[in-house]
Amino acid sequence: MGLVDKGRLPAPLTKLFNMSRSYSLWVYQWGLACCAIEMGAAFGSPRYDVMRLGVIPLPASPRQADFVCVSGTVTDKMAPAVKRLWEQMPEPKYAISMGSCANCGGPYWDSYSVTKGVDQILPVDIYVPGCPPRPEALLEGIVLLQQRIKNEDMAAKWRGDEFTTLQRTRAVEAGEVDRDGELIAETHSISEDPTPDARPEPIVVGGGPIE
Amino acid sequence: MSLTDRQQLSYIASQAADARLNVELETEGMTLNIGPQHPATHGTLRIICRLDGEQVIWAEPSAGYMHRGYEKLTEVRTFPQVTTLVNRIDWLGSFANEVPFILAAEKLMEIEAPPRAQVIRTILFELSRIANVSLFLGDLGVQMGAVTPVFLAFRDREYVLNLIEGATGGRFHPNFDRIGGLKDDLPKGWIDETRQVVKKLMQFCDTIEDLLFGNEIFQSRMRGIGVIPADIAKDYGLSGPNLRASGVDWDLRRDQDLPLAWDKVDWKVWTHPDGDSWARCWIRLQETREACKIVEQLLDQIPAGPVMTKVPRIIKVPAGEAWVSTENPLGEMGYYVVSKGDLGPFRVKIRSASFNNISIVPWVLKGVYVPDVITILASLYFILGDIDR
Ligand code: SF4
Numbered sequence: 013m014g015l016v017d018k019g020r021l022p023a024p025l026t027k028l029f030n031m032s033r034s035y036s037l038w039v040y041q042w043g044l045a046c047c048a049i050e051m052g053a054a055f056g057s058p059r060y061d062v063m064r065l066g067v068i069p070l071p072a073s074p075r076q077a078d079f080v081c082v083s084g085t086v087t088d089k090m091a092p093a094v095k096r097l098w099e100q101m102p103e104p105k106y107a108i109s110m111g112s113c114a115n116c117g118g119p120y121w122d123s124y125s126v127t128k129g130v131d132q133i134l135p136v137d138i139y140v141p142g143c144p145p146r147p148e149a150l151l152e153g154i155v156l157l158q159q160r161i162k163n164e165d166m167a168a169k170w171r172g173d174e175f176t177t178l179q180r181t182r183a184v185e186a187g188e189v190d191r192d193g194e195l196i197a198e199t200h201s202i203s204e205d206p207t208p209d210a211r212p213e214p215i216v217v218g219g220g221p222i223e
Numbered sequence: 002m003s004l005t006d007r008q009q010l011s012y013i014a015s016q017a018a019d020a021r022l023n024v025e026l027e028t029e030g031m032t033l034n035i036g037p038q039h040p041a042t043h044g045t046l047r048i049i050c051r052l053d054g055e056q057v058i059w060a061e062p063s064a065g066y067m068h069r070g071y072e073k074l075t076e077v078r079t080f081p082q083v084t085t086l087v088n089r090i091d092w093l094g095s096f097a098n099e100v101p102f103i104l105a106a107e108k109l110m111e112i113e114a115p116p117r118a119q120v121i122r123t124i125l126f127e128l129s130r131i132a133n134v135s136l137f138l139g140d141l142g143v144q145m146g147a148v149t150p151v152f153l154a155f156r157d158r159e160y161v162l163n164l165i166e167g168a169t170g171g172r173f174h175p176n177f178d179r180i181g182g183l184k185d186d187l188p189k190g191w192i193d194e195t196r197q198v199v200k201k202l203m204q205f206c207d208t209i210e211d212l213l214f215g216n217e218i219f220q221s222r223m224r225g226i227g228v229i230p231a232d233i234a235k236d237y238g239l240s241g242p243n244l245r246a247s248g249v250d251w252d253l254r255r256d257q258d259l260p261l262a263w264d265k266v267d268w269k270v271w272t273h274p275d276g277d278s279w280a281r282c283w284i285r286l287q288e289t290r291e292a293c294k295i296v297e298q299l300l301d302q303i304p305a306g307p308v309m310t311k312v313p314r315i316i317k318v319p320a321g322e323a324w325v326s327t328e329n330p331l332g333e334m335g336y337y338v339v340s341k342g343d344l345g346p347f348r349v350k351i352r353s354a355s356f357n358n359i360s361i362v363p364w365v366l367k368g369v370y371v372p373d374v375i376t377i378l379a380s381l382y383f384i385l386g387d388i389d390r
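As you go down the protein sequences, you meet chains A and B in turn.
Residues in the first sequence are numbered from 13 upward in steps of one, following the working numbering.
Residues in the second sequence are numbered from 2 upward in steps of one, following the working numbering.
In structure tokens form, the structure reads like this:
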């Protein structure tokens with residue numbers, strides 16, 4: 013999109029784009045271990061029914077997906093395949109890490125063959141803790157991801173900035189912080205803004221530690 | 002009648018054309034990788050197939066993508082902590098994984114759970130079998146492109162998970178079994194609810210039988226495909242429904258004398274003479290029904306009393322070695338526990354069913370067509386955690 017990569021979109025257009033993006037997400041499932049079954053229950057079962065959130069499971073290939081749900085234990089043997097699949101996905105892309113294993117190693121924190129956290133190999137947007145998390149927790153993770161997308165500055169995401177929220181962009185333009193997030197002025201509006209994207213990073217469902 | 006020169010020449014030319022055509026049509030071998038990320042492999046199994054046209058001439062499973070190092074981890078955990086780990090081996094029927102380990106530890110300590118705990122253990126064991134196999138029955142359709150059964154399976158599986166959650170507090174990984182008994186007693190009203198759920202599960206079995214097993218496409222893709230004769234099945238160490246589908250009457254629940262309650266009820270071990278994919282699926286369907294029956298009968302027989310014997314607060318298992326195996330949803334699962342009298346085991350060898358069950362894959366996939374690979378893998382039914390551990 014020419015408008016996006018040139019710089020800023022007009023605000024109403026950004027809002028429209030973000031809204032439509034956040035309600036038409038195709039999710040690619042990496043069911044790796046036990047959490048995959050709970051993810052299957054969230055995505056495939058009539059009781060939880062993820063489609064009412066505007067999320068469509070089961071794309072044919074990672075090239076069609078908007079976000080990925082890594083659920084389960086990533087082992088050192090599997091990690092290259094996970095990374096490769098992540099690189100096949102088109103930008104803009106997001107990742108949800110589901111379950112303690114994908115967050116930090118979980119019950120296998122001292123195992124010789126388990127990657128302690130999928131965030132070592134791909135940038136994770138939302139952490140869903142639990143072993144396994146209930147399907148409801150995964151649904152909340154998806155809602156949080158949608159909130160994040162709604163508040164995103166698409167140009168910043170395009171450039172690959174670390175922080176992509178609209179508030180951050182406004183603060184940068186007002187000269188309060190620089191692009192790396194260093195505070196320039198005394199006050200900065202992010203901490204005072206009560207909107208949901210002012211949450212501290214990383215975003216964790218339930219707000220606790222990521223284990 | 003002699004051929005004219007012209008006829009002879011044309012005959013030679015046509016032979017040469019045929020030969021050329023054969024050379025051109027000769028198919029080149031191709032290597033097909035199924036997995037490690039493929040819906041048909043139920044996780045991260047990779048199967049390397051060498052194809053000639055549509056036919057598999059050589060196949061080899063490449064395991065280890067889900068290796069989490071259980072046997073090593075058990076050495077640095079205490080005995081009560083190990084159940085948390087072994088829960089996650091066969092993640093669809095978690096409770097069934099705890100039982101043999103706890104029984105092995107109890108054998109070493111020479112204690113036995115009280116009768117009430119034994120019966121409740123058996124009920125939860127069979128419920129986890131239902132939770133496991135019902136998802137298999139639903140997933141079976143997906144492998145062949147029928148999506149409806151999996152929705153049915155997820156719907157009815159939720160009832161069972163609710164029960165397990167009601168009794169143990171965990172939907173998936175209950176970690177409820179303790180050395181010497183159970184963590185808690187059953188909650189109030191649980192037994193009545195279980196009765197209703199078992200009825201629903203019986204209906205689910207009927208629906209699946211009508212919908213899937215009566216389907217002509219299903220039958221023609223399953224019958225006569227992937228036949229495993231009884232002696233081959235024994236040679237490769239298959240166990241559980243895969244072995245019974247080859248006509249071997251072997252069930253550890255009936256053949257073994259464990260302190261569990263299977264001998265108190267009336268149920269049947271099903272076998273099937275065919276040994277093909279259809280037989281393996283059919284056996285599992287019957288087994289779900291038998292599990293429902295076992296649960297239903299045991300609900301009337303829960304004796305009164307405590308659910309925990311007297312065990313010390315800090316559990317030290319005396320030195321010795323013990324082997325206990327049970328008939329898990331996937332087959333024989335056993336633990337060989339070596340203790341040196343410490344807080345934790347010195348060494349635990351885990352024998353899980355799926356590892357042996359997929360060892361037959363190179364044999365059974367030889368010469369089948371590519372679409373049948375998926376149905377054979379589906380009917381062999383493995384769980385990745387159970388293979389790689
Ligand atoms: S977090 Fe727990 S349930 Fe999820 S994959 Fe890891 S061990 Fe299994």
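Cβ coordinates follow ideal geometry from the N, Cα and C atoms, glycine included.
Within the present structure, is the beta-carbon of residue i separated from the nearest heavy atom of ligand 1 by less than 7 Å?
{"i": "A:G153", "result": "no"}
{"i": "A:S112", "result": "yes"}
{"i": "A:R160", "result": "no"}
{"i": "B:P175", "result": "no"}
{"i": "A:T85", "result": "yes"}
{"i": "B:C206", "result": "no"}
{"i": "A:P144", "result": "yes"}
{"i": "B:R89", "result": "yes"}
{"i": "A:A45", "result": "yes"}
{"i": "A:P147", "result": "no"}
{"i": "B:G190", "result": "no"}
{"i": "A:P119", "result": "yes"}
{"i": "B:W92", "result": "yes"}
Between residue i and the rest of its own chain, which residues show a CB-CB distance below 6 Å, the 5 nearest in sequence each way excluded?
{"i": "A:T244", "result": "The structure shown does not extend to residue 244 of chain A, since chain A is modelled only from 13 through 223, so no value can be given for it."}
{"i": "A:V12", "result": "Nothing about residue 12 of chain A can be reported from this structure: the residues present for chain A run from 13 to 223 only."}
{"i": "A:D165", "result": "T176, L178, T181"}
{"i": "B:P260", "result": "E113, Q119"}
{"i": "B:A231", "result": "S247, G248, V249"}
{"i": "A:W98", "result": "L134"}
{"i": "A:G153", "result": "I108, I138, V140, V217"}
{"i": "B:I35", "result": "I48"}
{"i": "B:V228", "result": "G276, D277"}
Between residue i and the rest of its own chain, which residues show a CB-CB distance below 8 Å, the 5 nearest in sequence each way excluded?
{"i": "B:P188", "result": "G167, A168"}
{"i": "B:L183", "result": "A114, A118, I121, R122, F177, V308, M309"}
{"i": "A:R211", "result": "Annotation note: pLDDT 42 at A:R211 (below 50); position unreliable, coordinate value reported separately. So no residue of the chain qualifies."}
{"i": "B:G238", "result": "N357, S360"}
{"i": "B:P342", "result": "Just to set this straight, residue 342 of chain B is Gly in the shown sequence, not Pro. Closer than 8 Å at the Cβ level, and outside the excluded window around B:G342, lie K317, V318, P319, A320."}
With a CB to CB cut of under 7 Å and the five nearest residues on each side skipped, what residues in its chain are close to residue i?
{"i": "B:A262", "result": "Q119, V120, T123, L299"}
{"i": "B:V325", "result": "P101, L104, A105, K108, G335, Y336"}
{"i": "B:E328", "result": "G241, D252, L253, R254"}
{"i": "A:A23", "result": "none"}
{"i": "B:R224", "result": "D277, W279"}
{"i": "B:Q287", "result": "W271"}
{"i": "B:V266", "result": "I295, Q298, L299"}
{"i": "B:S355", "result": "L331, F383, I384, D387, I388"}
{"i": "B:N186", "result": "Note that residue 186 of chain B corresponds to Asp in the displayed sequence, not to Asn. Once the five neighbours on either side are set aside, the close Cβ partners of B:D186 are V308."}
{"i": "A:M31", "result": "K162"}
message: I want to know whether the stretch 139-148 of chain B touches the stretch 107-115 of chain B - three or more CB-CB distances under 8 Å.
response: no
Every unbroken beta strand (DSSP E) within the stretch 61-109 of chain A, with a cutoff of 3 residues, ordered by chain: 79-83
- prompt: Enumerated in chain order, which unbroken segments of the beta strand (DSSP E) with a length of 3 residues or greater are wholly contained in the stretch 64-124 of chain B?
  reply: none
- prompt: Going along the chain, which unbroken runs of the beta strand (DSSP E) with 3 or more residues stay wholly within the stretch 318-356 of chain B?
  reply: 321-329, 332-340, 348-352
- request: Just list the alpha helix (DSSP H) runs in the stretch 218-284 of chain B, keeping only unbroken ones of 4 residues or longer that don't cross its boundaries, in chain order.
  value: 231-236, 242-245, 253-256
message: Does the structure place the stretch 45-55 of chain A close enough to the stretch 140-152 of chain A that three or more beta carbon pairs sit under 8 Å?
response: yes
- prompt: Does the stretch 74-88 of chain B touch the stretch 367-375 of chain B, meaning 3 or more C-beta pairs lie closer than 8 Å?
  reply: no
Three or more C-beta pairs below 8 Å linking the stretch 57-65 of chain B and the stretch 337-353 of chain B: no
- prompt: Can you find at least 3 beta carbon pairs, one from the stretch 56-72 of chain A and one from the stretch 97-104 of chain A, that sit closer than 8 Å?
  reply: no
query: With a cut-off of 8 Å, do at least 3 Cβ pairs link the stretch 214-223 of chain B to the stretch 148-166 of chain B?
result: no
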